[in-house]
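In the working numbering, the protein residues as written are 52 to 578.
The structure is reproduced here in structure tokens:
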């Protein structure tokens, strides 16, 4: 049976008989693959300074260690449906799992930035295959009455993976070295191969589809997305459109992506089924999913950055703080299928988004005293919101998708979450930079030599430094001025981080409006 036939027949066959243990093993194996693929996006975040030192690159270039993976993943996710039909679902998935593990080991042995970028990009290409394939397995191999369980498991990979990634990465980096954040993939990867090799059906290759491939569409999409991701990553440090490099890349991204959309809409056999976005629920659900990616990936970026730059946390300490976003989800997600049977799916999604927004708004009054202990409650609140919003969102977005279109829909849906995350991370980097400058200017206007408060502070600091190794009064006074300047910069940075959490809360409110605009379905039907 071909993959396309299996996609159509899978739900029909499954609906008429109980799902076999063999099928459940295959579904679990695919979920494990999706988890390690999503986890690897964020696992390097808390360990970047260590990796940068290990391969001898600067801080400005280190972000490419994350970006290169994301570029590969975003490009591959929407192509997975087409390539799995060409090479066969089983063969294509198992091959990419083995390549993913090989490139993971390659990252651990990288000796310079060029090697690391190449290995991470190839790792991202292979990881991008595992995410939509796990989603497709749920929609094609499980009956509708059991799909909420599979979707809940997929939701764990989507939200738990990014949250727990820095925790695992931080622990391994501090105790064993940064190389082990890549070696850690070997154990779950081997388990995944052991689960999938005997349980997936063998299928013949259909190499004839290569002649019918939408290669112009694939090329324009790959170039456009790669240019766009580079713009997003490099724009902030290169002053955005003040840099000719960013301007040229932006023009290339715009031209290629417009050409890609035109080609896909006019092609009889497009590589990416953009026509699916004509459906109201799928279009709004995909847009809301992109905003969820914006907030999900953005929050995982902001928290480590705040704890590192303001609180001086090391990789392990950052990971332990973020664990309170990830671990509670393991207790909450199993309850979601039962909730789907009782409530309209839109109510659950909006509730989850509102809770997520609340956790962000609670972080808009950060101060220097807010560190790991003070962030624990807001992280638990955020975990609750994340855990209950993904599963029902998937359900109502996919409710009108035909079984034969599920694989293509999966690619578009999951690509948009990753793309939303990439845009979110870049946007938040820029917001932090701009708002820090804004607050620094505002605070700086009130810090003057004529302020009695400032004069009193500087006099006290002069006295302090005179007693601690600065015998020259002028040098001691100047040291006090340096300290005051550092305090202004630190407070400005804290206020900038507070502003980014406010932006995340507003983004979640916009997502709520989109979900409310979707066509209502009872939770049981939407699942």
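C-beta: ideal position from N, C-alpha, C; glycine also.
Beta-carbon proximity of residue i to residue j, cut-off 8 Å
i           : j           : result
residue 441 : residue 209 : yes
residue 436 : residue 372 : no
residue 434 : residue 376 : yes
residue 244 : residue 77  : no
residue 391 : residue 199 : yes
residue 349 : residue 475 : yes
residue 251 : residue 141 : yes
residue 341 : residue 471 : yes
residue 337 : residue 307 : no
residue 432 : residue 413 : yes
residue 187 : residue 457 : yes
residue 469 : residue 128 : yes
residue 557 : residue 339 : no
residue 119 : residue 95  : no
residue 462 : residue 132 : yes
residue 554 : residue 482 : yes
residue 335 : residue 325 : no
residue 121 : residue 473 : yes
residue 125 : residue 380 : no
For residue i, three-class secondary structure by DSSP
i           : result
residue 229 : coil
residue 429 : helix
residue 163 : coil
residue 255 : coil
residue 524 : helix
residue 235 : coil
residue 570 : coil
residue 518 : coil
residue 530 : helix
residue 250 : coil
residue 281 : helix
residue 481 : helix
residue 324 : coil
residue 70  : coil
residue 492 : helix
residue 77  : helix
residue 94  : coil
residue 452 : coil
residue 542 : helix
residue 315 : helix
residue 387 : helix
residue 502 : coil
Distance cut-off 7 Å: residue i Cβ against heavy atoms of the ligand FAD
i           : result
residue 264 : As for the ligand FAD, it is missing from this structure, which has no ligand bound.
Neighbourhood of residue i by C-beta distance below 7 Å, restricted to the same chain and skipping five residues each side
i           : result
residue 480 : 287
residue 138 : 256
residue 527 : 513, 516, 517 and 521
residue 297 : 282, 285, 286, 289 and 291
residue 369 : 97, 217, 221, 355, 358 and 359
residue 105 : 229
residue 384 : 203, 206, 207 and 438
Contacts around residue i, its chain only, beta-carbon distance under 6 Å, and the 5 residues preceding and following it disregarded
i           : result
residue 69  : none
residue 233 : 155, 158 and 159
residue 212 : 86, 89 and 90
residue 364 : 358
residue 176 : 123 and 127
Outcome for residue i when other beta-carbon atoms lying within 10 angstroms are tallied against a minimum of 16
i           : result
residue 564 : exposed
residue 191 : buried
residue 386 : exposed
residue 224 : buried
residue 171 : buried
residue 389 : exposed
residue 263 : exposed
residue 352 : buried
residue 504 : exposed
residue 580 : Any answer about residue 580 is impossible in this case: the structure gives the chain only from 52 up to 578.
residue 144 : buried
residue 174 : buried
residue 490 : buried
residue 130 : buried
residue 543 : buried
residue 523 : exposed
residue 530 : buried
residue 419 : exposed
residue 562 : buried
residue 92  : buried
8 Å Cβ cutoff, residue i in contact with chain C
i           : result
residue 538 : In the structure shown, chain C cannot be found, because there is only a single protein chain.
8 Å Cβ shell around residue i - same chain, five flanking residues per side excluded
i           : result
residue 237 : 152, 155 and 156
Length-filtered (3 minimum) beta strand (DSSP E) runs lying within the segment 102–151
none
Counting only runs of 4+ residues fully inside the segment 343–383, write out the alpha helix (DSSP H) ranges in chain order.
366–383
Could I get the ranges of all uninterrupted alpha helix (DSSP H) runs contained in the segment 393–428, with 4 residues as the minimum, in chain order?
396–412
Unbroken stretches of the alpha helix (DSSP H), 4 residues or longer, contained in the segment 154–224
164–192
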